[in-house]
Structure formats: structure tokens, C-alpha cells
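Below is one structure, written out as C-alpha cells; the observations come after it.
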Amino acid sequence: MPESEPWDYTLYIPNDLRAVTVCRRTLRLILTKHGLIGLVDTAELLATELIANAVRHTKGPAALRVRRSLEGAVWIGAWDTDPEPPEPPRPLDQVTDREEGRGLGLVAACAENWGWQRSARFGDRGKFVWCDLAVS
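Structure below.
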């Protein structure tokens, strides 16, 4: 498969904080195998924040979805079973000393775009919180 071709992976996970590490390592492998090693550190940070929020703030299963679009962007999404929108991101300079509340601020600061949408794609009602990264 040429590296410019689109691709799409989905990893379904249980509601277990250990699954965050599984997602991070799986994402690293996907990006490395597709020749996108330059995106790995930022993508891991963003996916970790999205998946950790999905696992911490909901009671059901979750999923990590990673895809490369026809335009070449890498899209990272976390699906969970709560259809309600995430809390708006806080500016990073307002949460420096807090243990929680930085996740979506980091996503907003590091990604090209981010957002959320309600979704029943995996058979349950829920939402995707997503971000994308440009491939140079």
C-alpha cells in the first residue's frame, strides 16, 4: 500500500485505565509502520488524553480510531458511551498546578483541529472526541 493511501484502524477497549497504555502502544505501531514516526510523540499525547477521558468519565466500553484521510491528515478519535459533550478545554496557563483538567487543553494546543460529535457507530449511543494532525 503506498504511504499516501488512506487507511483506518479501530481498537475497541474495555472501561479499564490499563487500556490507555494498550492504545498508546498500538497507535505508535500503526504510525511507525505507515512511515509517520515524526507524528508519534504528539499523536501519543493526544490519543492518551482522549482515551483517558473516555475511560475515566464514562462507565461503558470505548474505542480508539486512527485514520489517514485522502488529504493526508491523521485523524485520532476516542469513542465512548456518553453522548454528552466534553467539558470545554481550559487554557493551559490556567491549569498548570492541577492534576486534572488539562487534557482537552493539550489537545486544542497541539492538534490542527479538534471537536466532538454524537455517534452510534459502534452499536451504542455515545460520542467521538477527535483531533487531527497534518502530515508534513
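The numbering used here applies: residue -12 is where the sequence shown begins, and numbers increase by one. Where a beta carbon is used, it is the ideal one built from N, C-alpha and C, also for glycine.
Within the same chain, show all residues whose beta-carbon is closer than 7 Å to that of residue i, passing over the 5 residues directly before and after it, in chain order.
i: Ala95; result: Pro76, Trp101
i: Ala49; result: Ile0, Asn2, Ile38, Ala41, Val42, Ala65, Trp66, Asp67
i: Arg15; result: Val27, Glu31
i: Thr106; result: Thr is not the amino acid found at residue 106; the sequence shown has Ser there. Contacts found: Trp66, Gly113, Lys114, Phe115.
Following the continuous alpha helix (DSSP H) through residue i, name the residue where it begins and the one where it ends.
i: Ala96; result: 90 to 97
Quick one: what's got a C-beta closer than 8 Å to residue i's C-beta in the same chain, skipping five residues either side?
i: Gln(-7); result: What sits at residue -7 in the sequence shown is Pro, not Gln. These residues qualify, in order along the chain: Arg54, Arg55, Ser56, Leu57.
i: Trp60; result: The sequence as given places Ala at residue 60; Trp does not occur at that position. Excluding residues within five positions, the ones whose Cβ falls inside 8 Å are Glu99, Asp119, Leu120, Ala121, Val122.
i: Trp103; result: Pro72, Pro73, Lys114, Phe115, Val116, Trp117
I'd like the span of the beta strand (DSSP E) that includes residue i, first residue to last.
i: Val116; result: 113 to 120
Report the partner residues of residue i according to the DSSP bridge assignment.
i: Arg105; result: Lys114
i: Asn100; result: Asp119
Leaving out five residues before and five after residue i in sequence, what residues of the same chain have Cβ atoms less than 6 Å from its Cβ?
i: Gly90; result: Glu36, Asn40
i: Leu93; result: Glu36
i: Arg52; result: Thr(-3), Gly64
i: His44; result: none
Measuring only between beta-carbons, confirm whether residue i sits less than 9 Å from chain C.
i: Thr13; result: Protein chain content of the structure displayed is limited to a single chain, and chain C is not contained in it.
>> Does the structure place the stretch -1 to 16 close enough to the stretch 72 to 79 that three or more beta carbon pairs sit under 8 Å?
In response: no
> For the stretch 4 to 49, which segments carrying the alpha helix (DSSP H) assignment without a break, of at least 4 residues, lie completely within its bounds, in sequence order?
Replying inline: 5 to 20, 27 to 43
> What alpha helix (DSSP H) runs, 4 residues minimum, are completely inside the stretch 49 to 75?
Replying inline: none
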